[in-house]
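Following: one structure in C-alpha cells, then a few remarks.
Chains as they are written, first to last, in my numbering: chain A, 1347 to 1646; chain B, 1347 to 1646; chain C, 1347 to 1646; chain D, 1347 to 1646; chain E, 1347 to 1646; chain F, 1347 to 1646.
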C-alpha cells in the first residue's frame, strides 16, 4: 500500500471518530450565537459558516443568532449620528434603532446568509420581527442616583424578550433550513426594539428546548485571568457559574453571556458552550471532540 | 327598525358584495409589488398593510415584493456616498450595494413586516438571498457608444433573475405566513446583487403561477397622458401593452413595470394590475369591485 | 376624486371594520341553530345562507342545525295524520316519526343545502343518524297526574341525546364543508328518534367545543316583555339566565333555547347568541359588530 | 374429534373459501344500486345491509345508491297529489319533486342508514345535492308527435347527470364510512332535480372508477324469457348486451339498468352485475362465489 | 330454489356469523406464537398460514412469533454438534447459537414467510435483532447445588428480554405487512442471544398492547389430565392460572406458556389463548366462534 | 497554539473535506453489495459496517445486499451434503437450498445486522422473500452438448429476478432503517430460489433508481492483469466495460459483477463502483475522495 493510500485511510479514520458525536446529537437543535467581535475576520466567518453547514448535513439542526457590535458603531459614525445619554447611559432613539436594524438585519444577517449559502446551506435570514419570533417589551434600566435613590431609566428602544414564538423556526428547521436571527423584536403594539444578542440566543435556546447553546466569542472561554490561558475553566456547573458572577470573577461583556447561559440551562438546554471563534473550526472541535476547546457549562 | 339598524344592515350588504370575489380568488396567490414612491406616506402604508392582511384572512395568499427608491438615495447622501458613473450610467459598487441592502432588507422590509404584524398578519421578511429565492447573475447593460458601436457596460452589482426558487415561499404561504421579499439575489458563487423590484415581482409571480400580479405605484395606471386622468386605460391586453411600449407611449419608470407585466402574463399569471397607492384601500378596491380602479392587463 | 371613488373607499373601510372580528374568530367553530319560524320567508333564508357561506370563506367553521316546526304540521295535515295524546301530551308514533324525518331530512335539510350551495358553499346535509352523530335514547316525560302522583309518560319516538360523535363533523369541517344536521338520532339498537333541535344544537356545540352557539329565532332575543323591544337584554351571564328561567321570566319556546344555552356554556362554548332571523343579515351583524343585535349569554 | 368440532371446521373452511375473493377485491370500490322493488321486504333489507357491512369490514368499499319507486307513489297518493301529463308523459312539478325528495332523502335513505348502522356499519346518508355530488341539468324527453314530428317535451324537475363530483365520496370512503346516496341533483343555479337511480349509480361508478357496479333488482338477472329462469344469461359482454337492447329482447325497467351498465363499463368499471335481491345474501353470493347467482356483464 | 342455491345461501350465512367477531376485533393486534411441535405437518402449516392471512384481510393485525424446537435438534445432530452441560443444564455456546440462528431465522422464519406469501399475505421475516426489536441480556439460571447452596449458572448465549422496541413492528403493521419474528435478541454491545419463543411472544404482545396473545401448541389447552380431553379448562382467570402453576398442576413446557400468558395480561393484553394447532383452522375457530376450542385466560 | 490544538484543527479540516461529497449525495440511495470473500476478516467487517452507518447518518441511504460464497461451502461440508452435477454443472436441490438459506438469511445476514447495530445503525435483515422484494423464476442455463447442440439445463432451485418490489425497502429507508437483503426470491407459486448476489444488487439498484451501486470485492477493481495493481482501470464507461467482457479481458467471478454493473447503469443508476474490501474504510474512501480507490463505471 502506497503512502497516499495510508494517508487517505488515516483521513477516513478521522471521519469515523466523529461518528459517535454525530449519532449522539442526531436530530437535536443547537443554538449558535455568532458574535460581533469574532466576525470581522473573513477566514473566521468562513470557518464558522462551513461548520454550521456541516452540522446541518450530519443531522444536527443549527439556529444562528447574531449580534452587531462594532459594525453598528461604524455605521453610526458614518451617518454622523451622535450618541445621546441619560444619567450617563446611552439612549437608543428612533433614528439609532433604524441604524441598528439596518446594520443587523440588512448587513450582518445578509452576510451570514450569503456565507452559509456559499458553502451549500439553505439559510433563511430573519429579523426577530418576522413570524413574531421575538415578542419584546421596553427594558427599563434600574440605576442608583447620586442621592442613592433607585430609579428606572428609559433608554428608548432597548427591549427584552417577553416570549419566543417558535412556530416559524420549527417550520424552517423541519424543512431543512438554517434560520439566522437578528435580535430585533416587536412589542404587542408593533413597536420595534433592539435586544441583547446573547440574551436572545439564550431565550431562543430555552424556547426550542435546544440540546446546546454555543456562544462564539473572541476569548477562549471563561477564565479566571483573561490574560492567562491556563486559567481557562473546561467545565463548570450552573452553580459554579452563578458563584463566579456573584463574586465578581465574571465581568464586562461576559456577564450577559453567563446570564444567558444560566437562563438556557434553567429552561431545558442540556449544556452551554463558550468558545473562541478565532480558533479555526472552533465549532466542530467543541462538538466533535471529547475534551472540547472552550468552557462547557452544565446543569448541576 | 331604527336608523342605526338600517345603517348596520347596509354595512352587512357591503360585506356581502365582496363574497363573489372572495370565492373566486380563494386559495389563489397574489404577488403585490409595493413600491418606493407609494410608501412614504404613513396612512398609505397603513391602508396597504390592512388590505394585505385582510386578503390573507379571506383565503387569498399575498406575497409582497418591495422596492426602495427614495430611501436609498437618502441613506446614500447621509453616508456621504457619491454616485459613480460609467458611460453616463450609475454604477453600483460594493459599498453602494451594502447601503442598498441595508435600506431594503434592514429598513423597508422590516417596516412592512412591522405594519403587517401590527394589523394582525403573520409576516416574514426575507431577502431574496434567503432560501436561495432569487438566483441572480450580473446584468450587463447594452449601450451605443458615440461612435455607434454597441457595447456591454458592467454596472457593478446590478443583477437579473436567473431562476426563482419557490420552495421557501410555498412553505411559508401554506403555513399561513405572508412573505415580504427584498429584491436582492445571490449568484452561484454566493455573490449578492441588487435587482429591479418590478422585475423581481414579475419573476416571482410567474414562478408561483400567481393569479394576479399587482403593482402599487403613485399613478392611477397606464395613461396616454399622465396629466389627464381621463386617458387612463381600464383594460389592456398583452398585445396592446406591447404596442404601447414599442410606439413609445409607455416610458420612464413605467417601462420595467410594463415588461414585468408581460413576463408574468407569459408565465401563467392571469392578470396584472397597476394601481395608485395614494387612493385609500386601492388594493381592496381593485380586487373586490367589478370595475376596479387602475389598469388591468390580461393575456390576449 | 369623484363621488364614485369616495363611495367605493367608504365600502372598503366597512370591509376593513370586519377584520378584527375575522381575526378573532379565525378557525373557530360556530354552531348555528336555524329554526322553524325564521325560515319561512324566502328572503330570510337567502340572508342566512349568504351569511353562513361568508363565514366559511373568512375562515370561520359554521355547523348548521335546523328544526322543523310549522312545516311538519303542514305535512301531517296533508297526509291526514291525526295527533294522538296521552295524558294530554302529543305522542310521536312510528308513522309520525316517518313524517317528521321526511320533512326534516328530506325537505328542510335539502332546502338549506340547496341555498348554501347556490351561494357558493360546499354544504353536506346529514341526518343525526349518519356517522352516528347523535346517539339517542327514548325521552320519558315526567308529569304529575291529577292525583298528584309523578309518573313518566312514554311519548313514543321522542328522544334525547346520550352522546354526540364528532368524528364525521370534524372530517367534513376540516375538508372545507359546511355540515347541516337534522335533529334525528339513533339509539344503540338502531331505532330512530326525533329530538328537540335547540337542544341538539347545544349538545353539538358542547361536543365540538364551539366558540359560539347562535340560535336564530323570530324574536329579537331575551326580553322581559316580548312586545317591548326596549326590554331586550343585550348581555346576560349564565347565572342571570338561570335566574330568569327559575323566576318564570323565560317561558314557552324560549325555555329549550335557554337550557340549550346553559348546557353549551357548561361544556366549553364561550358565548351563546339569540338573534332575530327577520333582521337582514342578522348573523353577520351579531358576529361582526361590537354591540351585536340580539342577546349574548356568557359564562359567569 | 366430536361432531361439533367437525361441523365447526367445515364452517372455517367455508370462511376460507372467501379468502381469494377478499384478496382480489381488497381496497376496491363497489357501487351498489339498491332498488325500490327489492326493498319492501324487511328480511331482504336486513340481508343486504349485513352484506354491505361485511364487505366494508373485509376491505371492500361499498357505495350505496338507492331508488324509490313504490314508496313515492304511496306518498303521493296519501298527500292527494294527482299526476300531471304532457303528451302522455308524467310531469314532475315542484310539488311532486318535494314529495320525491321527502321520500328518497327523508325516508328511504334514512332507513338504509339505520339498517347499516344497526349491523355495525358507519353509514352516511347523502342527497346528491350534498357536496355537489351530482351536478345535474333538466332532461328533455324527445318524443314523436302524432304528425311524426320529433319534439322535446319538458317533464319539469326531471334531470340527468352533467358531472359527478367524487371529492366528498372519496373523503368518506377513505375515513371508513359507507356513503348512501339519493338520486337528487342540483344544477348550476342551485335548482334541484330528480334523476333515475340506475343511471346515477352508473354515473357514480364510472366517476369513482369502481371495480363493480351491482344492481340489486327483483329478477334473477337478464333473461330471454322473464318467466323462465333457465333463460338467464350468466355472462354477457357489453356488445351482446347492446345487441339485446337493439333487438328489443331487453325492455321496460331493464332498459335504464342495461344503459347504466354500458355507461359504467365504458367509463372504467370492470364488471356490472344484475342480481335478485329476494335471494338471501344475494350480494355476498354474487361476489364471493366463482359462478355467481345473476348476470355479469363485462367489457368486450 | 335449487339445492345448490340453498347450500350457497347457507354458506353466506356462515360468513355472516363471523361479522360480529370481525367488527369486535377490527384494527386490533393479535400476537400469534406458532410453535415447534405444531409446525411439522405440512397441512397444519397451511391452515395456520391461511388463517393468519385471512385475519389480516378482515382488518385484524397479526404478528407471528415462532420457535424452533425439533428442527434445531435435527440440525445440530446433522452438524455433529454435541451438547455441553454445566450442572446438568445444556449450555448454548457460540457455535450452538449459530446453528440456532440458522435454523430459526434462516429456515423456519423463511418457511413461514413463504407460506404466508403463498396464500396472499405480505409477510416480513425478521430476526429480533432487526430494528433492535428485542433488546436482550444474558439470562442467569438459578439452581441449587447438591450442598443446598443457590448459585447462578451461566448457560452461555441464552438471553431474556430487557425491552421490546415496537417502532419497526408498528411501521410494518400500519403499512399492511405481517411481521414474522424469530426469538433472537441483541444486548447493548451487539451480542446475540437465543430467547424462549413463548416468553418473547408475551413480551411483544405486552409491548404492542395487543388485544390477544394466541399460543398455538400441540395440545388442546390447559388440562388437568393431559390424557383426558374432558379435563380441558375452557376459561381461566389470571389468578386461577397462577394457582395452577403454584400447586404444580401446570408443568413442563406449559410453564413458559403460562408465565408468558400472565406477563401479557399484566401488560395490557386482554386475553391469552392456548389452542391445538393440529385442529384444522384452530386459529379461526378460536377467534370467530363464541365458545372457542382451547383455553382462554383473561384478567381477573 | 499548542501542538494538540494544531492537530485537532487539521482533523476538523479533514472532516470539512467530506462536506462537498455529503452535500452531493444527500438523500440519495447507494446499493452496496458486500460479498463473500471480503467478509471473512473481522476487521474488514467492522470497517464496512462503520462506513455504512456513517453514510446513513450523513444523509445517504445505504441498502446492503450480501452474498455467501465460502460460508455456504463450509456449512454444506459440515452437514455432509455432497454436490450433485448435471452436464458438469452443480445442481441446487431442495436440501442444498435449505442450507443456502440457513447460511445466508440465518447466519450472514444476521451477522451484518449485528455489526451495523453495534455501530449505532438501525438495520433490518430481510430475505428477498419478505414483502415479496424479489419475484423470481427458475433460471435455465444454456449449454452446448458435446454434439454441439444447445440445450437448457435445469439446475434446480437457482433463480433469476423477474421483478423487484421496492415498496418495503422504501418504507424502511424513509423511516431511517438500513435494509440488509439476502439474495433469496420467491416465484409466483411461493417456491423459493437462490439468486446470484451481484445480480440481485444490480436489480435492486436499478429498481430503486439508486445513485450508486458499489460492489465490495477482494480485488482492487477491474484490472487488465489481476496480479499487477498498475493495470487497474480508474474509470470506465459502460461501452468500454462491454468491450472488455466481449474480448475476454473480464473473466470468472468478475463477469456477473460486470453484467450487474451494466444492468444497473441501463436502469438509471448513475455510477457503479468496484472496490477492494480489504482496504480499511474502502467505502468511505471511494465515496468521499475525488479520485476514489477502485474502478468507477459510468454511462457513456
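Built from N, CA and C at the ideal position, the CB exists for glycine as well.
Does the region 1473-1483 of chain E come into contact with the region 1506-1523 of chain E, if we say contact requires no fewer than three beta-carbon pairs (one atom in each stretch) closer than 8 Å? yes
Is the closest heavy atom of the ligand GDP to the C-beta of residue 1560(C) under 7 Å? As far as ligands go, the structure on display features none, and thus does not contain the ligand GDP.
Member of 1567(D), 1565(D), 1569(D) and 1527(D) whose CA lies at the smallest distance from the CA of residue 1549(D): For residue 1549(D), the nearest C-alpha among the options comes from 1527(D).
Kindly indicate which residue of 1618(C), 1605(C) and 1438(C) has the alpha-carbon position closest to the one of residue 1589(C). 1605(C)
Backbone CA spacing between residue 1454(C) and residue 1414(C) [nearest angstrom]: In a straight line, the C-alpha of residue 1454(C) is about 7 Å away from that of residue 1414(C).
Examine the Cβ distances between the region 1381-1398 of chain E and the region 1610-1624 of chain E and report whether three or more of them are shorter than 8 Å. yes
Since residue 1563(E) contacts residue 1504(E) with CB under 8 Å, what's their CB separation in whole angstroms? 21 Å between Cβ atoms; not a contact.
Given 8 Å as the limit, is there contact between the region 1369-1383 of chain D and the region 1559-1575 of chain D, that is, 3 or more CB pairs closer than that? yes
Buried or exposed (CB count within 10 angstroms, at least 16 for buried), residue 1416(B): exposed
Taking 8 Å as the threshold, find out whether the region 1415-1429 of chain F comes into contact with the region 1442-1449 of chain F through three or more Cβ pairs. yes
On a Cα-Cα basis, can you pick out the residue from 1435(A), 1547(A) and 1354(A) that is closest to residue 1489(A)? 1435(A)
Taking the DSSP output, what are the residues bridged to residue 1500(F)? Note: residue 1500(F) sits in a beta bridge opposite 1486(F).
Since residue 1634(A) and residue 1364(A) are thought to touch, with beta carbons under 8 Å apart, how far apart are those beta carbons, to the nearest angstrom? Rounded, the Cβ-Cβ distance is 5 Å, consistent with contact.
Taking the C-alpha atoms as reference points, what is the distance between residue 1341(C) and residue 1542(C)? Any property of residue 1341(C) remains undetermined from this structure, which presents chain C solely from 1347 to 1646.
Minimum Cβ-Cβ distance from residue 1620(F) to chain E less than 8 Å: For residue 1620(F), no Cβ of chain E is located within less than 8 Å of the residue's own Cβ.
What's the gap between the Cα of residue 1407(E) and the Cα of residue 1524(E)? 7 Å
Residue 1587(C) and residue 1643(C) closer than 8 Å at C-beta: yes
Would you kindly work out how many angstroms separate the C-alpha atoms of residue 1554(F) and residue 1512(E), rounded to a whole number? 27 Å
Here's a check: name, in chain order, each residue in its chain whose Cβ is nearer than 6 Å to the Cβ of residue 1578(D), leaving out the five neighbours to either side. 1566, 1567 and 1569
Is there a C-beta anywhere in chain C that falls below 8 Å from the one on residue 1478(D)? yes
Keeping to the same chain, check which residues put their C-beta closer than 6 Å to that of residue 1470(B); ignore five residues upstream and five downstream. 1518, 1523 and 1525
For residue 1359(B), go through chain C and note every residue whose CB falls closer than 8 Å to its CB, in chain order. Within 8 Å Cβ-Cβ: 1626 and 1627.
Does residue 1635(A) come within less than 8 Å of chain F when only Cβ atoms are used? Interface residue, yes.
Where does residue 1351(E) land, buried or exposed, given buried means 16+ other C-beta within 10 angstroms? exposed
Report buried or exposed for residue 1540(F), applying the criterion of at least 16 other Cβ atoms within 10 angstroms of its Cβ. buried
Residue 1533(F) to residue 1632(E), Cα distance in whole Å? 32 Å
If I follow the unbroken beta strand (DSSP E) through residue 1641(C), where does it start and stop? 1641-1644
Just the C-alpha distance for residue 1546(C) and residue 1473(C), rounded to the nearest angstrom, thanks. 12 Å
Looking at the secondary structure, which residues open and close the alpha helix (DSSP H) in which residue 1371(B) lies? 1365-1371
Nearest CA to the CA of residue 1538(C): which residue from 1485(C), 1593(C) and 1640(C)? 1485(C)
Residues that DSSP places opposite residue 1379(D) in a beta bridge: 1411(D) and 1561(D)
Quick check on DSSP: helix, strand or coil for residue 1573(E)? Of the three classes helix, strand and coil, the one that applies to residue 1573(E) here is coil, per DSSP.
Residue 1463(E) beta carbon less than 8 Å from that of residue 1536(F): Cβ distance < 8 Å, so residue 1536(F) and residue 1463(E) count as in contact.
Cross-chain neighbours of residue 1372(E) in chain D, by beta carbon under 8 Å: 1403
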